Every structure is written in C-alpha cells, then in structure tokens.
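*Asks:* One structure, as structure tokens, below. Some questions next.
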Amino acid sequence: MTKHREVKRSEAIDRVHELVKEGGCGAIQEVVGSLARWFPQYSWVGIYVVHEGMLVLGPWTGAQATEHTRIPIGQGICGAAARSGKTEIVEDVRKDPRYLSCFVSTRSEIVVPILLDGVVVGEIDIDSEMLDAFTEEDRLFLEKIAELVAPFIV
Ligand code: SME
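Under the numbering used here, the sequence shown has 106 at position 110, and the numbering climbs by one with no breaks.
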C-alpha cells in the first residue's frame, strides 16, 4: 500500500467527518483504508462489529488477513475492550497474556470501542509493528473517529 505524508489528526477528523457525511455506511471501508494511509505506524486497521455476543470482523486493511474473524466478547484485547466499553492500549503485545496473536510483526495494539447510545456496537482495532506506538493523542483521536463512525456501524 502506498503511504502518504502523515496527516494531522485534526485534519483526519475533518476528513472522516466528510467521508461519513457523504457516504454513510458505504464510507466505512474508506475510513479504514484512509487511517492506515495517513498514519504509517498503523500497520493493520480493522473494524469489528458486535453481533449476537461476538465481535465479527468487518472492513479491514493491512498486509495480511487475520484468522480472528470472530472473537467472543471477553476474549483477547478486542473482547476486553468490548466488555468494558473502554479503550485498551497494549504497549508490548508479547507481555500481555490476553493478546490473541494475529501477525508475528505486531508489537503494540489499540482497541477503541464504538459506542452508540452508550452501547458497544463495534470497535476499531489497530496493530502496529512499532513497540509502544499508541499515545494518549491516538486514544483521543480514535475515540473521536469511533464517535463519527458509530451511526454507520451495522
Ligand atoms: N489481537 C487481537 C485480535 C485481533 S487481531 O489483532 C486483528 C486481540 O488480542 O483481541
């Protein structure tokens, strides 16, 4: 995938807002692709949707597909964030026993719940090949992105 210059987070928020305003549900795949393009440290970006007590993989982008296309709520980092409704940041996935391994190159991960009317309807899952890649800025930024896409997660 071609990586472009790093986009400022504030600019990214405006652009995602535009994308979902124009494209609704159909824009989610583009949002996922854009996040990975704008932020080169985001190696793999995916959205899981909550369906009958499971997290089901929706749009994603990255070099490889994950075998974890259905994750029970409560399992892995993804399941923990879905259960608590709180963002999970893992600085070093090799040190977190909850971690469900997808890619050997992953070093850190962030999982941001997508809430609609206080209910977790999905989540944004991002892997990075960089150790400790996700900052407080990333958390606030991605929580804003989660808010913007929430009405369009089905
Ligand atoms: N690592 C996640 C599983 C999903 S993959 O990263 C795409 C977890 O521990 O829940």
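Glycine included, C-beta positions come from ideal geometry on N, C-alpha and C.
Please read these numbers as outputs of a predicted model, since none were measured by experiment.
1) Would you check if the distance between the CB atom of Leu111 and the CB atom of Gly81 is smaller than 8 Å?
2) Write down the C-beta distance between Gly58 and Ala78 rounded to the nearest angstrom, noting that I regard them as a contact closer than 8 Å.
3) Taking just the CA atoms, how far does Val117 sit from Gly54?
4) Measuring alpha carbon to alpha carbon, tell me which of Ile149, Ile67 and Ser101 ends up nearest Ser124.
5) Please return the same chain residues whose Cβ sits closer than 8 Å to the Cβ of Leu127, not counting the five positions on each side in sequence.
6) Classify Glu63: buried if its beta carbon has 16 or more other beta carbons within 10 angstroms, exposed otherwise.
7) Would you call Val150 buried or exposed, if buried means 16 or more other Cβ atoms sit within 10 Å of its Cβ?
8) Go through its chain and collect everything with a Cβ distance to Gly72's Cβ below 8 Å, but skip five positions before and after it.
9) Going by alpha carbons, who is nearest to Ala61 out of Val3, Glu84 and Val41?
*Replies:* So, to answer that:
1) As a working note, residue 111 is residue 115 in the sequence shown. As a working note, residue 81 is residue 85 in the sequence shown. Leu111 places its beta carbon less than 8 Å from that of Gly81.
2) Your numbering for residue 58 matches position 62 in the sequence shown. Your numbering for residue 78 matches position 82 in the sequence shown. Contact between Gly58 and Ala78 does not hold, since their C-beta atoms are separated by about 20 Å, which reaches or exceeds 8 Å.
3) Within the sequence shown, the letter at position 58 stands for residue 54. Within the sequence shown, the letter at position 121 stands for residue 117. Answer to the nearest angstrom: the Cα atoms are 12 Å apart.
4) Residue numbering aside, residue 124 sits at position 128 when the sequence shown is read from its first letter. Ranking the options by Cα distance to Ser124, first place goes to Ser101.
5) Taking the first residue of the sequence shown as 1, we reach residue 127 at position 131. The beta carbon of Leu127 is closer than 8 Å to those of Glu87, Asp88, Arg103 and Ser104 in its chain, skipping five residues each way along the sequence.
6) The residue given as residue 63 occupies position 67 in the sequence shown. Glu63 is exposed by the Cβ-count criterion.
7) Within the sequence shown, the letter at position 154 stands for residue 150. Classification for Val150: exposed.
8) Reading the sequence shown from its first residue, position 76 is the one you call residue 72. If you ignore the 5 residues before and after Gly72, its C-beta comes within less than 8 Å of the C-beta of His64, Arg94, Tyr95 and Leu96, all in its own chain and listed in chain order.
9) As a first step, residue 61 must be located in the sequence shown, where it is residue number 65. With distances taken between Cα atoms, Ala61 lies closest to Val41.
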